[in-house]
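K.L.:
The sequence shown begins at 789 in the numbering used here and counts up by one.
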Amino acid sequence: MTVRHLFEGVGVEIEWMTVAAESFAVRPLAPMLLTDDAGVVRDERDRGELGWSNELATHVIEAKTLGVPASLDGLGGAFLGEARAIAALLEPHGGRLLGGGAHPRMDPATDATLWDGGQSEIYEAYDRIFTCAGHGWVNLQSVHLNLAFDGDDELHRLHRAVRLVLPLIPALSAASPYLEGRRQPYLDARLDTYRRNQARVPQIAGLVVPEPILGVADYHATILAPMYAAIAPHDPEGLLQDEWLNSRGAIVRFDRSALEVRVIDCQETPTQDLAICAQVVEVIRALTDGRLAAEGHDDAASTEHLAKTFWSVAKDADEAVIDDPALLRSFGFEGEKTAADVWRSLAERFPPASEHHAGLEAILDEGPLARRMVRTLGDAPEPEALTALMSAMSECLVAGSPLP
């Protein structure tokens, strides 16, 4: 295996919905997209630089990097190309492709079907233990950002930095303000449902913001071992006792020597997804290389305090007030700031590559996608208005343009 040190390798996974072209109800078209030339439904489809794969629900298709790119450069365009290819395959079947953090109208109890192909025994175990007919299971689309590391020291530094950035991310990425046609208390309702979907075994998600760890052995002892012990009575076959059981907002993937950030809602188009990823990476880089190293940038940062900020930002996104003094000092601030002000300053001090500037500016100027959706529809949208919004977002997806 090629050794990749901090910021020498990245990976991105983006989930999209397949929906009916006219009604925008979810359609179980992922199996069709993953059918090979012999008519066999596969779990994955190799497309060269990127690939497609299944998820828990049959209306969700994931596009992901294959291999380990050295940077995010050019990936926005690559994912956009895959979105267009998928959309073209869906069209003859009366389908369209849709982004966003969650379908704003579906009823997960009646509208979703679970994948019954490869790894179905894992999905069946999840369903048996937790009952997967809920928004936090079958109605969510996220972006996963993987960052390479090598060894204890790099994992420690990377994990420490990610813990500090994690509470701020929903201010950029919140994209799920509506569920079942109703405005939710959280602009990032996906995260709000996500934290509750495995409440039967609370060790799996913890506070979503992960606990501090010093290295590989400490991660196993602090996070994985308690989680495996807690799930064992419900999982006698041991099907779920693997590193991916961890549902915190950032998890270590030892199978790929990467830390996976999981709190980013899918946006309306992949160029926006990549703009957010690129900005997040630059701030994490600044925290790990010492350009941001103020008070609070240590392992004593309280998980409870970070989680409090995280859920405030998940609720109010860009308008959330950051009032944790230690966290603010970590980013060079004194006194309360809105999350929007924090990100504007960070973007000016640690900008991503120029290809991401326009997408990031759309968010910094107009707010995250959830804010723009609510600005358009308000708190009590009519069904027809929701359908019109989904149509506009579907057009944005293949056009590569942000929702105004």
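Note that CB positions come from ideal geometry on N, CA and C, so glycine has one too.
I need the straight-line Cα distance from F918 to Q986, nearest angstrom please.
P.N.:
About 6 Å.
K.L.:
Three Cβ pairs or more, each shorter than 8 Å: is that satisfied between the stretch 1025-1042 and the stretch 994-1013?
P.N.:
These segments touch.
K.L.:
What is the DSSP secondary structure of R970, counted as helix, strand or coil?
P.N.:
R970 falls in the strand class under three-state DSSP.
K.L.:
So which of P1021, P1024, V1049 has the shortest CA-CA distance to W1032?
P.N.:
When each option's Cα is compared against that of W1032, the closest is V1049.
K.L.:
To the nearest angstrom, how far is it from the Cα of E1070 to the Cα of P1139?
P.N.:
Going by the C-alpha atoms only, they are around 7 Å apart.
K.L.:
Short check: CB of T846 to CB of A890, under 8 Å?
P.N.:
No; because the gap between Cβ atoms is not below 8 Å, this pair is not in contact.
K.L.:
State the Cα-Cα distance for the pair T1175 and E850, rounded to the nearest angstrom.
P.N.:
Approximately 23 Å between the Cα atoms of the pair.
K.L.:
Look up A1038 in the DSSP assignment and say whether it is helix, strand or coil.
P.N.:
A1038: strand per DSSP, three-state reduction.
K.L.:
Determine the burial state of S841: buried for a count of at least 16 other Cβ atoms within 10 Å of its Cβ, exposed for fewer.
P.N.:
Flag for S841 reads buried.
K.L.:
Could you spell out where the beta strand (DSSP E) holding M1181 opens and where it closes?
P.N.:
From DSSP, M1181 is part of no beta strand (DSSP E) but of the alpha helix (DSSP H) over 1171-1187.
K.L.:
Quick check: G922 and P896, are their CB atoms within less than 8 Å of each other?
P.N.:
Against a cut-off of 8 Å, the Cβ pair of P896 and G922 comes out as a contact.
K.L.:
Are there 16 or more other CB atoms within 10 angstroms of the CB of A1168, so buried, or fewer, so exposed?
P.N.:
That one is exposed.
K.L.:
Under 8 Å, do A949 and S964 count as touching if we go by C-beta distance?
P.N.:
No, they are not a contact pair.
K.L.:
With a Cβ-Cβ cutoff of 8 Å, do Q1060 and P857 count as a contact?
P.N.:
No; because the gap between Cβ atoms is not below 8 Å, this pair is not in contact.
K.L.:
Start and end of the alpha helix (DSSP H) containing S908?
P.N.:
From DSSP, the alpha helix (DSSP H) with S908 extends over 908-918.
K.L.:
So, at 7 Å on beta carbons, what are the nonlocal neighbours of L1080 in its own chain, with the 5 sequence-adjacent residues on each side left out?
P.N.:
Closer than 7 Å at Cβ, skipping near neighbours: A1074, S1118, F1119, G1120.
K.L.:
Identify every residue that forms a DSSP beta bridge with R1163.
P.N.:
Partner(s): none; R1163 has no beta bridge.
K.L.:
Since L854 and G865 are thought to touch, with beta carbons under 8 Å apart, how far apart are those beta carbons, to the nearest angstrom?
P.N.:
The pair is not a contact, with the Cβ atoms about 16 Å apart (cut-off 8 Å).
K.L.:
Kindly list the residues whose CB is nearer than 6 Å to the CB of V989, restricted to its own chain and excluding five residues on each side of it in sequence; keep chain order.
P.N.:
So the qualifying residues of the chain are A1018, I1019.
K.L.:
May I ask you to list the residues that DSSP assigns as paired with G883?
P.N.:
In the DSSP output, where bridge partners are listed per residue, G883 has A808.
K.L.:
For G797, collect the residues of the same chain with a Cβ closer than 6 Å to its Cβ; drop the 5 residues on either side in sequence, then sort them by chain order.
P.N.:
Taken in chain order, the residues that qualify are V856, A936.
K.L.:
Out of R971, L1115, H1145, which has the shortest C-alpha to C-alpha gap to P1171?
P.N.:
Taking only the C-alpha atoms, the option nearest P1171 is R971.
K.L.:
For A1180, which residues from the same chain have a beta carbon less than 6 Å from its beta carbon, with the 5 sequence-adjacent residues on both sides left out?
P.N.:
So the list is empty, once near-sequence residues are dropped.
K.L.:
Checking 8 Å against the spacing of the C-beta atoms, do L995 and A1146 come in under that value?
P.N.:
No, Cβ-Cβ distance for L995 and A1146 is not below 8 Å.
K.L.:
Just tell me which of E810, H1144, Y982, E837 has its CA closest to the CA of P880.
P.N.:
Of E810, H1144, Y982, E837, the residue nearest in Cα terms is E810.
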